[in-house]
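K.L.:
I'd like to ask some things about the structure below.
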Amino acid sequence: MKIVKVYGPGCKRCETTEAMVKDAAAKLGVVVSVEKVTDPRSIAVAGVMSTPGISVDGKLVHAGGLPDAARLEGWLST
Amino acid sequence: MTMGTNVAPERRGTPDWVWLAGVPVAAVVWWLVYDQLIPFSEWVTSLLPVARDSHTGEAIAFFVYDVPKVLLLLTGIVFVTGVLRSWFSPEKTRAILAGKREIWGYPLAALLGVLTPFCSCSSVPLFIGFVSAGIPLGVTFSFLVAGPMVGPVGLGLLYGLVGWEVATLYLAFGFTIATVAGWILGRMSLERYLQDWVRELNAGPTGGLLEERLTFVDRIKIGLEQVREIVGKVWIWVLVGIGIGAAIHGYVPEDVMLRIMGGEAWWSVPAAVVVGIPMYTNAAGVIPIVEALLGKGAAIGTTLAFMMSVIALSLPEMIILKQVLTLRLIAIFVAVVSAGILATGFLFNAIL
Numbered sequence: 274m275k276i277v278k279v280y281g282p283g284c285k286r287c288e289t290t291e292a293m294v295k296d297a298a299a300k301l302g303v304v305v306s307v308e309k310v311t312d313p314r315s316i317a318v319a320g321v322m323s324t325p326g327i328s329v330d331g332k333l334v335h336a337g338g339l340p341d342a343a344r345l346e347g348w349l350s351t
Numbered sequence: 002m003t004m005g006t007n008v009a010p011e012r013r014g015t016p017d018w019v020w021l022a023g024v025p026v027a028a029v030v031w032w033l034v035y036d037q038l039i040p041f042s043e044w045v046t047s048l049l050p051v052a053r054d055s056h057t058g059e060a061i062a063f064f065v066y067d068v069p070k071v072l073l074l075l076t077g078i079v080f081v082t083g084v085l086r087s088w089f090s091p092e093k094t095r096a097i098l099a100g101k102r103e104i105w106g107y108p109l110a111a112l113l114g115v116l117t118p119f120c121s122c123s124s125v126p127l128f129i130g131f132v133s134a135g136i137p138l139g140v141t142f143s144f145l146v147a148g149p150m151v152g153p154v155g156l157g158l159l160y161g162l163v164g165w166e167v168a169t170l171y172l173a174f175g176f177t178i179a180t181v182a183g184w185i186l187g188r189m190s191l192e193r194y195l196q197d198w199v200r201e202l203n204a205g206p207t208g209g210l211l212e213e214r215l216t217f218v219d220r221i222k223i224g225l226e227q228v229r230e231i232v233g234k235v236w237i238w239v240l241v242g243i244g245i246g247a248a249i250h251g252y253v254p255e256d257v258m259l260r261i262m263g264g265e266a267w268w269s270v271p272a273a274v275v276v277g278i279p280m281y282t283n284a285a286g287v288i289p290i291v292e293a294l295l296g297k298g299a300a301i302g303t304t305l306a307f308m309m310s311v312i313a314l315s316l317p318e319m320i321i322l323k324q325v326l327t328l329r330l331i332a333i334f335v336a337v338v339s340a341g342i343l344a345t346g347f348l349f350n351a352i353l
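Respectively, the protein sequence lines represent chains A and B. Read in order, the letters of the first sequence correspond to residues 274 to 351 in this note's numbering. Read in order, the letters of the second sequence correspond to residues 2 to 353 in this note's numbering.
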């Protein structure tokens, strides 16, 4: 199971990102646990400066803006 | 792709050349439409059962002309800015600024504040990211002030609606305020007024993120995505702003305007700043109002002060920053930026 974290203070784009992650995982048949991180301190500690950010299994893969759907599938499938 | 006329090619969406050719085509269409706005607005106004030179006729003509004009300008500016900004990111900006401790850090931060894409909803992580990487507080403030205050949307609309002279003055002074306010705040050593937990954070993991390679088509798509998102979000503010502008243009008598916002009334500059702080809109919403005010003879310094205050000092932004700054630091920040805006307002009223 992959542990995906979506970093963001709770703006609309962060919610969209979370939904995109879940959709992509369902499409690929990958089991994921998606956690939303909204606390500014934790976001900062993770090294995210522009939200929404995404980490997969502890590795930061994306920051700033909605992720590209094709890239998102790439991160989830490796 | 060599194979498969009858096999569906792998779905990659629109081919690249369509995107690359679409941009110049869209630019030409944009220009043709933009060029027809005055005849269009006169025609629409002439359809309505009001006299063109009545108060209502003036207001309607202003509204009908400004709405498509501002929306067109906004779309064009946001697209171009979105494409240009795809070369910048907060992470890169931080890496550039982290090495600069000397005086050049302030104007550089102001410049990068204009170029770096960030929305106010991520100003807190951005602030922490900067400070924890050892970027001085003052330099961080220069960045945060310049971003909204001298944003391309505001400048572009000011250029399109009011003229290049005012736009240039605004650019020069907005940039100066961001630089000087950051420098003053930096000299005050205010680090102790950060919230405790921010001060205790040491440099977070930097450079953990692999850079995403983007093609030019990717950048075009980013620009379009920005248009969809920003125009979709601010159009309502634009309509409200133009509505207020139209009401001012049609109904407010010039002598009243001169008395309230004319150059003679010295108190009008501080009043404009105070009125502007709680007003929460963005550049696209406030500039039609600026256009109408100037058209009615409001003094330029007073009007610029009002505009800067609305855009650069916003209550919701301060509430967001409260998570990382103490109230005292926010107060000092507001005071320094207000002083810069006041100085700009008085200076312009005195020399123009």
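Even glycine gets a Cβ: it sits at the ideal position worked out from N, Cα and C.
Can you pull the chain B residues whose beta carbon is under 9 Å from the beta carbon of isoleucine 276 of chain A, in chain order?
P.N.:
Within chain B, no residue comes near isoleucine 276 of chain A; the closest Cβ sits about 16 Å away, beyond 9 Å.
K.L.:
Could you check if phenylalanine 131 of chain B is buried or exposed, using at least 16 other CB atoms within 10 Å of its CB as the buried criterion?
P.N.:
Classification of phenylalanine 131 of chain B: buried, given that the 10 Å Cβ count is 16 or more.
K.L.:
Quick one: which chain B residues come within Cβ less than 9 Å of glycine 337 of chain A?
P.N.:
By Cβ distance, chain B contributes Ser90, Pro91, Glu92, Pro118, Phe119 and Ser123.
K.L.:
Taking 7 Å as the CB-CB limit, is isoleucine 321 of chain A close to chain B?
P.N.:
Correcting the residue type first, residue 321 of chain A is valine in the shown sequence and not isoleucine. Yes - at least one Cβ of chain B is within 7 Å of the one on valine 321 of chain A.
K.L.:
In angstroms, rounded to a whole number, what distance separates the CA positions of lysine 285 of chain A and lysine 234 of chain B?
P.N.:
Spanning the two alpha carbons is a distance of roughly 11 Å.
K.L.:
When DSSP builds the beta bridges, which residues end up paired with isoleucine 276 of chain A?
P.N.:
DSSP output for isoleucine 276 of chain A lists A/Ser306 as bridge partner(s).
K.L.:
At the 7 Å Cβ level, is proline 324 of chain B part of the contact set with chain A, yes or no?
P.N.:
Proline is not the amino acid found at residue 324 of chain B; the sequence shown has glutamine there. By this cut-off, glutamine 324 of chain B is an interface position.
K.L.:
In angstroms with no decimal places, state the Cα-to-Cα distance between glycine 347 of chain A and serine 123 of chain B.
P.N.:
Approximately 26 Å, taken between the alpha carbons.
K.L.:
Is phenylalanine 217 of chain B buried or exposed, if buried means 16 or more other CB atoms sit within 10 Å of its CB?
P.N.:
Exposed, by the Cβ-count rule.
K.L.:
Do glycine 83 of chain B and glycine 224 of chain B have their C-beta atoms within less than 7 Å of each other?
P.N.:
Against a cut-off of 7 Å, the Cβ pair of glycine 224 of chain B and glycine 83 of chain B comes out as a contact.
K.L.:
Please name the residue, chosen from B/Val115, B/Ile97, B/Tyr160 and B/Leu158, that lies closest to proline 137 of chain B on a Cα-to-Cα basis.
P.N.:
Answer by Cα proximity: B/Ile97.
K.L.:
Determine the DSSP secondary structure at leucine 138 of chain B, reduced to helix, strand or coil.
P.N.:
In the structure shown, leucine 138 of chain B sits in a helix (DSSP, three-state: H, G or I).
K.L.:
In the structure shown, what three-state DSSP assignment does alanine 319 of chain A receive?
P.N.:
Reduced to three states, the DSSP call for alanine 319 of chain A is coil.
K.L.:
Taking the straight line between their C-alpha atoms, what separation do you get for proline 340 of chain A and valine 30 of chain B?
P.N.:
In a straight line, the C-alpha of proline 340 of chain A is about 30 Å away from that of valine 30 of chain B.
K.L.:
Within a Cβ cutoff of 7 Å, which residues of the same chain sit near serine 42 of chain B, ignoring the five residues on either side of it in sequence?
P.N.:
Within the same chain, serine 42 of chain B has close Cβ partners Ala62, Val65 and Tyr66.
K.L.:
In chain A, which residues lie less than 7 Å from isoleucine 97 of chain B when you measure between Cβ atoms?
P.N.:
Chain A residues near isoleucine 97 of chain B: none, gap ~13 Å exceeds 7 Å.
K.L.:
Out of B/Val68, B/Leu353, B/Thr345 and B/Ala351, point me to the one whose CA is closest to alanine 182 of chain B's CA.
P.N.:
With distances taken between Cα atoms, alanine 182 of chain B lies closest to B/Thr345.
K.L.:
Taking C-beta to C-beta, are valine 325 of chain B and valine 125 of chain B nearer than 7 Å?
P.N.:
Yes, the pair counts as a contact, with Cβ atoms nearer than the cut-off.
K.L.:
Can you name, in chain order, every residue of its own chain whose Cβ lies under 8 Å from the Cβ of valine 279 of chain A, other than the five neighbours on each side?
P.N.:
Answer for valine 279 of chain A: Cys287, Thr290, Glu291, Val294, Val307, Glu308, Lys309, Val310, Pro325, Gly326 and Ile327, listed in chain order.
K.L.:
Going by DSSP, what residue range makes up the alpha helix (DSSP H) through serine 124 of chain B?
P.N.:
That run of the alpha helix (DSSP H) goes 124–133.
K.L.:
Kindly list the residues whose CB is nearer than 6 Å to the CB of alanine 336 of chain B, restricted to its own chain and excluding five residues on each side of it in sequence; keep chain order.
P.N.:
Cβ neighbours of alanine 336 of chain B beyond the five flanking positions: none.
K.L.:
Would you mind giving the Cβ-Cβ distance between glycine 114 of chain B and glycine 148 of chain B, rounded to the nearest angstrom? I have them listed as a contact below 8 Å.
P.N.:
With 8 Å as the limit, glycine 114 of chain B and glycine 148 of chain B qualify as a contact, their Cβ atoms being about 4 Å apart.
K.L.:
Mind checking which residues open and close the beta strand (DSSP E) that includes serine 328 of chain A?
P.N.:
326–329 is the span of the beta strand (DSSP E), which, as asked, contains serine 328 of chain A.
K.L.:
Hey, would you say alanine 299 of chain A sits closer than 7 Å to leucine 345 of chain A, going by beta carbons?
P.N.:
No.
K.L.:
Could you check where the alpha helix (DSSP H) with valine 325 of chain B kicks off and where it finishes?
P.N.:
Premise fails: valine 325 of chain B is in no alpha helix (DSSP H) and is neither H nor E.
K.L.:
Considering only the beta carbon of each residue, do alanine 293 of chain B and isoleucine 249 of chain B sit closer than 7 Å?
P.N.:
Yes.
K.L.:
Could you pull the DSSP bridge partners for histidine 335 of chain A from this structure?
P.N.:
Histidine 335 of chain A is bridged to A/Ile327.
K.L.:
If we call anything under 7 Å between Cβ atoms a contact, is threonine 76 of chain B one with valine 228 of chain B?
P.N.:
Against a cut-off of 7 Å, the Cβ pair of valine 228 of chain B and threonine 76 of chain B comes out as a contact.
K.L.:
Considering only the alpha carbon of each residue, which of B/Val51, B/His56, B/Trp18 and B/Leu73 lies closest to valine 34 of chain B?
P.N.:
Among B/Val51, B/His56, B/Trp18 and B/Leu73, the Cα nearest to that of valine 34 of chain B belongs to B/Leu73.
K.L.:
Per the DSSP calculation, leucine 195 of chain B is bridged to which residue(s)?
P.N.:
B/Leu326, per the DSSP bridge assignment.
K.L.:
Can you check which of these residues, B/Arg86, B/Ala173 and B/Asp197, is closest to lysine 323 of chain B by C-alpha distance?
P.N.:
The shortest Cα separation from lysine 323 of chain B among B/Arg86, B/Ala173 and B/Asp197 belongs to B/Asp197.
K.L.:
Which of the three DSSP states is assigned to glycine 346 of chain B in this structure?
P.N.:
Correct three-state label for glycine 346 of chain B: helix.
K.L.:
Checking contacts by CB at 7 Å: is glycine 155 of chain B closer than that to chain A?
P.N.:
No, glycine 155 of chain B does not count as interfacial toward chain A.
K.L.:
Consider the Cβ of glutamate 11 of chain B: report whether some Cβ of chain A lies at a distance smaller than 7 Å.
P.N.:
Reliability fails at glutamate 11 of chain B, whose pLDDT of 43 lies under 50, so the model's placement of it is uncertain and the value that follows must be treated cautiously. With 7 Å as the cut-off, glutamate 11 of chain B does not count as an interface residue toward chain A.
K.L.:
Going by beta carbon distance, what residues of the same chain come within less than 6 Å of valine 372 of chain A, once the five residues before and after it are set aside?
P.N.:
Since the first residue shown for chain A is 274 and the last is 351, residue 372 of chain A is missing from the structure and cannot be characterised.
K.L.:
Compare the C-alpha of glycine 106 of chain B against each of B/Ala179, B/Leu48, B/Leu85 and B/Val167 and name the closest.
P.N.:
Residue B/Ala179 is the option with its Cα nearest to glycine 106 of chain B.
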